[in-house]
Amino acid sequence: MKEIARGLESSGHRFLWVVRSPPEDPTKFFLARPESDLDSLLPEEFLERTSDRGMVVKMWAPQLEVLRHAVTGTFMTHCGWNSVLEAASASVPMLCWSMYAEHRVNKVFVVDEIKAGVVMDGYDEELVSAAEVEKKVRLVMESEEGDKLRERLVLAKEKAAEALADGGPSRVAFEEFLKDLKLSK
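Each step along the sequence shown adds one to the number in full-length UniProt numbering, with nothing skipped, and position 126 is 126.
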């Protein structure tokens with residue numbers, strides 16, 4: 001948490017950071033600690049120093065709405081499939097920090113196959129440094145490579161819209177699937 005905070009602060013970019021604090025009892029993963037614990041997880045006075053350009057939200061934010069907002073420039077993701085699809089459909093480049101299970105496979109797809117994101121180096125060692133966070137935020141937000149990621153994602157969004165439109169291949173395939181289900185009854 002402190003490394004992410006330092007990296008975001010050093011990047012100089014505006015941010016929205018949704019934080020789910022570690023549980024007191026690991027068997028109760030979705031129960032958050034009290035709000036006051038957020039300060040103990042972040043560098044001293046981080047919230048004050050970044051208050052003019054950043055917001056830290058505890059537990060939940062409307063992810064799809066945030067991703068679709070015009071000012072969203074990048075998305076740090078654990079590479080869960082829903083998050084990947086939401087970011088891609090919103091044309092938002094991804095900073096890929098896969099955690100477990102299929103997320104690592106999804107990361108390979110996002111980074112190597114569709115080239116819609118970059119890897120947060122160090123995730124395999126379970127520590128991504130502040131320097132890496134800053135470097136990758138700047139890469140996506142300030143570089144030609146980041147511009148290319150956005151261009152590819154705009155094209156992917158257009159192709160997805162075509163596939164989902166009336167008569168598009170995804171819509172047709174789904175309709176065929178539903179017909180097959182009805183016939184198999």
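Ideal Cβ placement from N, Cα and C applies to all residues, glycine included.
Unbroken beta strand (DSSP E) run spanning residue i, endpoints
{"i": "V118", "result": "117-119"}
{"i": "G54", "result": "54-58"}
Pair within 8 Å by beta-carbon distance, residue i and residue j
{"i": "S11", "j": "V137", "result": "yes"}
{"i": "V56", "j": "L67", "result": "no"}
{"i": "E3", "j": "A130", "result": "yes"}
{"i": "L153", "j": "V92", "result": "yes"}
Pairwise C-alpha distance: residue j and residue i
{"i": "L181", "j": "F174", "result": "11 Å"}
{"i": "E142", "j": "K148", "result": "11 Å"}
{"i": "T72", "j": "G167", "result": "31 Å"}
{"i": "L42", "j": "Y100", "result": "24 Å"}
{"i": "R171", "j": "C79", "result": "25 Å"}
{"i": "F46", "j": "R53", "result": "11 Å"}
{"i": "S83", "j": "Y123", "result": "18 Å"}
{"i": "L164", "j": "K185", "result": "27 Å"}
{"i": "V119", "j": "L183", "result": "45 Å"}
{"i": "T74", "j": "P169", "result": "29 Å"}
{"i": "M1", "j": "E113", "result": "29 Å"}
{"i": "F30", "j": "V18", "result": "Here F30 scores only 44 on pLDDT, less than 50, and its place in the model should not be relied on; the value that follows carries that caveat. Distance between the alpha carbons of F30 and V18 is about 14 Å."}
{"i": "E44", "j": "L155", "result": "42 Å"}
Cβ-Cβ separation, residue j to residue i (assumed contact under 8 Å), whole Å
{"i": "M59", "j": "R6", "result": "22 Å between Cβ atoms; not a contact."}
{"i": "L85", "j": "V140", "result": "No, L85 and V140 are not in contact; Cβ-Cβ is about 19 Å, not under 8 Å."}
{"i": "A88", "j": "A116", "result": "6 Å"}
{"i": "A61", "j": "L127", "result": "No, A61 and L127 are not in contact; Cβ-Cβ is about 25 Å, not under 8 Å."}
Closest Cα partner of residue i within the set the options
{"i": "N106", "options": "L127, D121, T77", "result": "T77"}
{"i": "E132", "options": "V140, D121, E125, K185", "result": "D121"}
{"i": "K157", "options": "S83, A90, L47", "result": "A90"}
{"i": "R49", "options": "T74, Q63, F75, H13", "result": "H13"}
Residue interval of the alpha helix (DSSP H) (run including residue i)
{"i": "L127", "result": "First-last for L127: undefined, no H or E at that position."}
{"i": "L67", "result": "63-68"}
{"i": "L85", "result": "81-89"}
Near the ligand GTP: residue i beta-carbon under 7 Å from a heavy atom
{"i": "H78", "result": "Looking at this structure, you won't find the ligand GTP or any other ligand, since it has none at all."}
Residue-level contact to chain D via CB, residue i, 8 Å cutoff
{"i": "L153", "result": "Looking for chain D here will not work: only one protein chain is present."}
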